[in-house]
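Enquirer: In the working numbering, the protein residues as written are 1 to 113.
Pasting a structure below so you can have a look.
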């Protein structure tokens with residue numbers, strides 16, 4: 001049984017028109033990391049994004065999705081979390097927007113795309 005769809009067929013033409021939902025991702029060291037509902041950034045191997053830097057706490061920051069927006073929270077790290085060089089206030093979530101630069105540790109930069 002042939003399980004392919006010809007692009008010229010009616011179904012193929014409809015599939016060509018379907019737009020991909022834009023997903024947000026982080027760019028770190030040239031790699032794209034798709035954002036999910038909640039991710040933890042830190043030095044521990046259990047984190048979703050592991051950063052090998054002694055100035056990054058074991059669990060340094062959390063990115064949480066609320067509806068269609070993403071927010072970042074510093075997890076009481078020793079050296080703080082910065083978004084566009086603005087320190088994320090302790091105990092508060094800061095809304096992220098496209099092209100924001102997250103900085104932590106010894107100038108580790110992560111960009112939101």
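Built from N, CA and C at the ideal position, the CB exists for glycine as well.
#1: In this structure, does DSSP put residue 11 in helix, strand or coil?
#2: Looking at C-alpha atoms only, which residue of 55, 14, 83, 28 is the closest neighbour of residue 48?
#3: Kindly give me the distance between the Cβ atoms of residue 100 and residue 83, rounded to whole angstroms, as I take these residues to be in contact under 8 angstroms.
#4: Classify residue 42: buried if its beta carbon has 16 or more other beta carbons within 10 angstroms, exposed otherwise.
#5: Among 76, 35, 51, whose alpha-carbon lies nearest the alpha-carbon of residue 98?
#6: Output the boundary residues of the beta strand (DSSP E) element that contains residue 26.
#7: So, residue 59 versus residue 72, is the Cβ gap smaller than 7 angstroms?
#8: In the DSSP assignment, the beta strand (DSSP E) including residue 56 goes from what residue to what residue?
#9: Mapping DSSP to helix, strand and coil, what is residue 111?
Expert: Taking the structure as given:
#1: Counting from one through the chain shown, the residue named residue 11 turns up at place 11. DSSP places residue 11 in helix when its eight states are reduced to three.
#2: Position 48 of the chain shown, counted from the start, is the residue given in the question as residue 48. Of the listed residues, the one whose Cα sits closest to residue 48 is 28.
#3: Translated into the one-based positions of the chain shown, residue 100 becomes position 100. Translated into the one-based positions of the chain shown, residue 83 becomes position 83. Correct: roughly 5 angstroms between the Cβ atoms.
#4: By one-based count along the chain shown, residue 42 stands at place 42. Buried, because 16 or more other Cβ atoms sit within 10 Å of the Cβ of residue 42.
#5: Walking along the chain shown from the start, residue 98 turns up at place 98. Of the listed residues, the one whose Cα sits closest to residue 98 is 35.
#6: Start at 1 with the first residue of the chain shown, and residue 26 comes out as number 26. Note, residue 26: beta strand (DSSP E), 25–28.
#7: Stepping through the chain shown from its first residue, residue 59 is reached at position 59. Stepping through the chain shown from its first residue, residue 72 is reached at position 72. In this structure, residue 59 lies away from residue 72, with their beta-carbon atoms at least 7 angstroms apart.
#8: Along the chain shown, one-based indexing puts residue 56 at 56. Residue 56 -> no beta strand (DSSP E), and no H or E assigned at all.
#9: As a first step, residue 111 is located in the chain shown; it is residue number 111 there, counting from the start. Three-state result, residue 111: strand.
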